[in-house]
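Counting from 1498, one number per residue, gives the positions in the sequence shown under the working numbering. Heads up, the beta-carbon is just placed ideally off N, CA and C, and yes, glycines get one too. Everything below concerns the one structure shown next.
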Amino acid sequence: MLNGSELKSFLDEKVELYNRPDFIESDPIQIPHSYSLKEDIEIAGFLASVIAWGNRKMIIRNAHKKMELMGNSPYDFVMSHKEKDLEPLHNFVHRTFNGLDFVGFIKSLQNIYTNHGGLEAVFAKHQEENSMQKSISEFKKIFFEINHLTRTEKHLPDPLNGSAAKRINMYLRWMCRQDNKGVDFGIWKSIAPSKLSCPLDVHSGNVARKLELLTRKQNDAKALLELDANLRKLDPNDPVKYDFALFGLGIFEGF
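Structure representation (structure tokens):
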């Protein structure tokens, strides 16, 4: 096995390899990269990240379909849609996320931008010194404070109930990391990258275990805490950059 400095060098090399613009074409982050307005980027990114599980080509195709159903103007659609504008959304489906969930998400987003200052303001409110997990939990409460279908709640995680919250942690990486490499946006200045957590899924978890960054078998909140602690030893200011390395090793290199 690699010692600490060797492991850091190895992973830093992989970050450089995968954290570059050509990564975008095979990743759901391409959806928000279609936009330049801050609110369009953050809403498109949020709606794409929510369905980011399963086959990657299907994720990207269905996320583009979401944008098309909103006239490719997500912020304008969220803020000024009429009930009749929501009717085409009812036909949307991605695995267990269906049209009713989509409509519910649009209404919740409208509430967040109208009454809570937008997505960044809500996520920034409950951040802790070294973690965004309480913020994610509190975000879910605010997101579902308006009337909604109970079934829709399952599409947002609660880390305080044991979830690794992979998709939301990925979304926060997109919005908050500021490295000028052209992949992550870094448009949320109120949340430091040092507080972010690695998006933990089957692939990143398996690679992390092989590299002895993770011992826990389940990919849950406790595993995320362990992985975060080890990644912060490698780079306390930007631990989540190693998502590129773990992801790339798992998906592209079959590590």
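Task: Where the alpha helix (DSSP H) containing His1623 begins and where it ends - done: That residue, His1623, is in no alpha helix (DSSP H); it is neither H nor E in DSSP.
Open item on the list: Suppose you measure from the CA of Val1680 to the CA of Ile1526; what does that come to, to the nearest Å?
Closed with: 8 Å
Open item on the list: As a quick exercise: from Val1600, Asn1559, Ile1548, pick the residue whose alpha carbon is nearest that of Lys1581.
Closed with: Val1600
Open item on the list: Quick check for students: name the residue ranges of the alpha helix (DSSP H) that lie wholly in the segment 1534-1575, counting only runs of 4 or more.
Closed with: 1535-1547, 1553-1566
Task: Backbone CA spacing between Arg1664 and Gly1551 [nearest angstrom] - done: 12 Å
Open item on the list: Taking the straight line between their C-alpha atoms, what separation do you get for Asp1732 and Ser1506?
Closed with: Roughly 11 Å separates the two Cα atoms.
Task: Buried/exposed call for Ile1643, threshold 16 Cβ in 10 Å - done: exposed
Open item on the list: Please report the straight-line C-alpha distance between Met1567 and Leu1743, rounded to a whole angstrom.
Closed with: 34 Å
Open item on the list: Checking 9 Å against the spacing of the C-beta atoms, do Ser1546 and Met1667 come in under that value?
Closed with: yes
Open item on the list: Quick check on DSSP: helix, strand or coil for His1652?
Closed with: helix
Task: Assigned secondary structure, His1591 (DSSP; H/G/I helix, E/B strand, else coil) - done: strand
Open item on the list: Quick check: Lys1651 and Thr1593, are their CB atoms within less than 9 Å of each other?
Closed with: yes
Task: Neighbour-count burial assignment, Pro1518, 16 or more Cβ in a 10 Å radius - done: exposed
TODO: Could you check which residue in Trp1685, Arg1674, Ser1687 has the C-alpha nearest to that of Ser1694?
DONE: Arg1674
Open item on the list: Going by DSSP in three states, Ala1726 sits in which element: helix, strand or coil?
Closed with: helix
- [ ] Taking Ala1541 and Met1576 to be in contact with their CB atoms under 8 Å, please state how far apart those CB atoms are, rounded to whole angstroms.
- [x] Not really, about 14 Å apart at Cβ, beyond 8 Å.
Open item on the list: What would DSSP say about Tyr1584, mapped onto helix, strand or coil?
Closed with: Inspection of the sequence shows that residue 1584 is occupied by Glu rather than by Tyr. Three-state DSSP puts Glu1584 in a helix.
Open item on the list: Please tell me whether His1561 and Ile1521 are closer than 9 Å, where the distance is taken between their beta carbons.
Closed with: no
TODO: Compute the beta-carbon to beta-carbon distance between Leu1514 and Gly1745, rounded to the nearest angstrom, for a pair I have assumed lies under 8 Å.
DONE: Contact flag correct, Cβ pair sits at about 6 Å.
Task: Backbone CA spacing between Leu1721 and Ala1705 [nearest angstrom] - done: One alpha carbon belongs to Leu1721, the other to Ala1705, and they sit about 11 Å apart.
TODO: Can you tell me the Cβ-Cβ gap for Asn1735 and Ser1691, rounded? I've got them flagged as a contact below 8 Å.
DONE: According to the sequence displayed, residue 1735 carries Asp and not Asn. About 7 Å; that satisfies the 8 Å criterion.
Open item on the list: Leu1504 and Leu1710 - do their beta-carbons sit closer together than 9 Å?
Closed with: Yes, they are a contact pair.
TODO: Find out if the Cβ-Cβ distance for the pair His1623, Glu1635 is shorter than 9 Å.
DONE: yes
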